[in-house]
Amino acid sequence: MWTCKNLWKKLAPLARSSSTLCRQNARGVVLNNERRLPLVPQAHMSSGTPGSGGDNNLYYLLVGATCVGGGFYVSNKCPAHLFQLCTLVSVSLTKIYFSFDISPQVLIITDEPDLPYMRPPLSKELWFSDDPSVVDTLRFKQWNGKERSIYFQPPSFYVSPQDLEKVENGGVAVLTGKKVVHMDVRGNKVTLSDNTEISYDKCLIATGGVPRNLQVIERAGEEVTKRTTLFRKVEDFKALDKVSRDTKSITIIGGGFLGSELACALGRRSADSDLEVIQMFPEKGNMGKVLPEYLSNWTTAKVKSEGVTIITEALVKAVSFKDGKVEIKLKDGRVVKTDHIVAAVGLEPSVELAKSAGLEVDSDFGGFRVNAELQARSNIWVAGDAACFYDIRLGRRRVEHHDHAVVSGRLAGENMTGANKPYWHQSMFWSDLGPDVGYEAIGIVDSSLPTVGVFAKATAKDTPKAATEKSGTGIRSESETEGTASSPVASSTPEPPPVPEQKDNYGKGVIFYLRDKVVVGIILWNVFNRMPVARKIIKDGEEHADLNEVAKLFNIHED
């Protein structure tokens, strides 16, 4: 165990001019089997130049969804964007401390077998690959044609956990297949599933969530369970890919983002096979909880055109296995027989550590309850899907999207080093129904709110494929989070009222969601690279007499 007392004295003059320097003791990682990871001998406390084994090293531990150590505690489930969250936290700290010639050392612990990867392609681009080995390579072509891997970094980027302490200039290691099962807040330590104990000074929890299941499926027995996919991880993508090639019928339960994306992907695949794809949900149309009814109906027609059989207003009453088929009985008497079920009915935040840690779980939204700085206790922060945070503009919220994990992870990293910044950034999310139709959203987008939609005729450049060709990235939040926009002032150039030429002409447009006459959410429908404008509108929180004028800020009438 060690402290950075001498280091603090050395950097105190610099710290007075920076709010991002660690003011806490930094501990080595002590394991209960007398191993140390990393081992920091007292001899290393002497002054020295960067990378010489002197006092210019800081050690961080990011645990799968639980990062622990002289800086962090991340979480048990860290796939996809939560892995990116961990990576961004470590990168953020690295930038901060490199400016002081300090070498941070980061350990990520996860119960998954994979290195850090991005989750969005698992339900998007990977399904449209023409490479038969995609399930092995996990490489895919983005809509813009560029190829990339789902992994953020190659294995060579990481050092082994055993060698982490030996890296002169700092580094990142990943300890896979481990899960944090207990958190001792008073003792500043966590216990892993193999009874290893790890001590920390500051802790970031980013446990994410687990897919919800329907109780009727859980009660249906083993035969139904082994024919049901709860889609979340790399292994789920691989398993569902195999199912889609080996069975004749797949039924997706759920009409939200994930269910609709998978329906389109599997429907497109069914064009070259005998696969039957069915999607059922309790709403009247796809994305019925998010989109206004007319746009939900349009989206439903789009999904149908991909070869998907849609069953609306479907409430599942019972599920059973009979005569080699999974039988789904609906409350209105309809019966659907299928070979496999994909349950895409939402996410349950992982808060198992709340009990042992004595942390508050929000009764309304779920997740660990934190303040605007993402802080749950004096030395504990929460980010990503598991954080129920206070939005200084829109009130208390919990967000389950990629961009939120990116932004909240970065902010948590800064605040753990003393920045004390509130979460004011409005994170965005996006969904693509194949390469031709996509939308981006920000704020509170709830179909129960009043909406105003302004649409225009789309052109060839108004597609996800064209957008990624322009931005150079398939993960659109990577290009959006750094964007800025000036105050929204509509153009004075007279234009005809942006009314659709016919009722189903929703080529591209902007949908405003209102609460007390103020815009609290915006969807950009086949409109890309305009998210900073939407973010500024919501941040300003002003009433707008004519939203048609505000829509001009998004240049939707340009060819």
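Per the UniProt record's numbering, the very first residue in the sequence shown carries number 1; after that it's consecutive.
The beta carbon of each residue, even a glycine, is placed where N, CA and C say it ideally should be.
Please read all numbers here as calculations on a predicted model, not as lab measurements.
Can you pull the DSSP bridge partners for V343? Note that residue 343 corresponds to Ala in the displayed sequence, not to Val. Within the DSSP secondary-structure output, A343 pairs in a beta bridge with I253.
Is the CB-CB distance between L330 and K322 below 9 Å? no
Coarse secondary structure for T228, derived from DSSP in three states: strand
What is the residue span of the alpha helix (DSSP H) that M531 lies within? 531 to 540
For T247, the first and last residue of its enclosing beta strand (DSSP E): Run containing T247: none; DSSP gives neither H nor E here.
So, with DSSP's three-state summary, where would you put R269? helix
Considering just the uninterrupted stretch of the alpha helix (DSSP H) at S305, what are its terminal residues? 293 to 305
Quick one: what's K329 bridged to in DSSP? A318, V335
Straight-line gap, R148 to H425 (C-alpha atoms, nearest Å): Each residue's CA atom was taken as its position, placing R148 and H425 some 28 Å apart.
Going by CA-CA distance only, name the one from K146, G171, G145 that's closest to F157. From the listed residues K146, G171, G145, the smallest Cα separation to F157 is found for G171.
Might you give, ordered along the chain, the residues of its own chain that have their beta carbon closer than 8 Å to the beta carbon of T451, omitting 5 neighbours on each side? P292, I511, F512, Y513, L514.
Proximity to F365 [Cα-Cα], best of S350, S378, A357: S350
Classify I217 as helix, strand or coil using the three-state DSSP reduction. helix
Please classify L240: does DSSP put it in a helix, a strand, or coil? Helix.
Compare the C-alpha of K421 against each of A412, R219, Q162 and name the closest. A412
How far does the alpha helix (DSSP H) with R397 in it reach, from first residue to last? Segment 395 to 398 is the beta strand (DSSP E) holding R397; no alpha helix (DSSP H) there.
Could you please give the first and the last residue of the uninterrupted alpha helix (DSSP H) stretch that includes E283? Premise fails: E283 is in no alpha helix (DSSP H) and is neither H nor E.
At the level of alpha carbons, what is the spacing between L315 and N195? 43 Å
Mind checking whether the beta-carbon of V335 lies closer than 8 Å to any heavy atom of the ligand HEM? Looking at this structure, you won't find the ligand HEM or any other ligand, since it has none at all.
Whole-Å CB distance - L266 paired with I253, under 8 Å assumed: With 8 Å as the limit, L266 and I253 do not qualify as a contact, their Cβ atoms being about 13 Å apart.
Would you kindly report the start and end of the unbroken alpha helix (DSSP H) that includes E414? For E414, the enclosing alpha helix (DSSP H) starts and ends at 402 to 415.
Pairing CB atoms from the region 302 to 311 with CB atoms from the region 276 to 287, are three or more of them under 8 Å? yes
What number of angstroms, rounded off, separates the C-alpha of R334 from the C-alpha of S320? 14 Å
At the level of alpha carbons, what is the spacing between W127 and D184? 42 Å
Identify, in the order they occur along the chain, each residue of the same chain with its Cβ nearer than 8 Å to the Cβ of A485, setting aside the five sequence neighbours on each side. Any reading at A485 must be qualified, since the residue scores a pLDDT of 46, below 50, and its modelled position is unreliable; the value itself is stated next. Taken in chain order, the residues that qualify are P532, V533, R535, K536.
Would DSSP call P120 helix, strand or coil? The answer is helix: DSSP assigns P120 an H, G or I state.
Give the DSSP bridge partners of F389, in chain order. R397
Report all residues from its chain with a CB closer than 7 Å to the CB of S160; omit the five preceding and five following residues, and keep chain order. A173.
Pairs of beta-carbons, one from the region 222 to 242 and one from the region 403 to 417, closer than 8 Å: are there three or more? The region 222 to 242 vs the region 403 to 417: no contact.
Burial state of R219, where buried means 16 or more other Cβ atoms lie within 10 Å: exposed
Ignore the nearest five residues each way along the sequence and tell me which others in residue 593's own chain have a CB closer than 6 Å to its CB. Within the shown structure, residues of the chain are numbered from 1 to 559, placing residue 593 beyond reach of any answer.
Is the Cβ-Cβ distance between L204 and A383 less than 9 Å? yes
Spatial neighbours of D241 within its chain, please: C-beta separation below 7 Å, excluding the five flanking residues on both sides. V135
Nearest by alpha-carbon distance to I150: which of L115, E168, D130 is it? Out of L115, E168, D130, L115 has the C-alpha closest to the C-alpha of I150.
First through last residue of the beta strand (DSSP E) which encompasses D136: Counting along the chain, D136 sits inside no beta strand (DSSP E); it lies in the alpha helix (DSSP H) bounded by residues 134 to 137.
Inspect the CB distances between the region 210 to 227 and the region 369 to 388 and report whether three or more fall short of 8 Å. The region 210 to 227 and the region 369 to 388 do not touch, with fewer than 3 CB-CB distances between them shorter than 8 Å.
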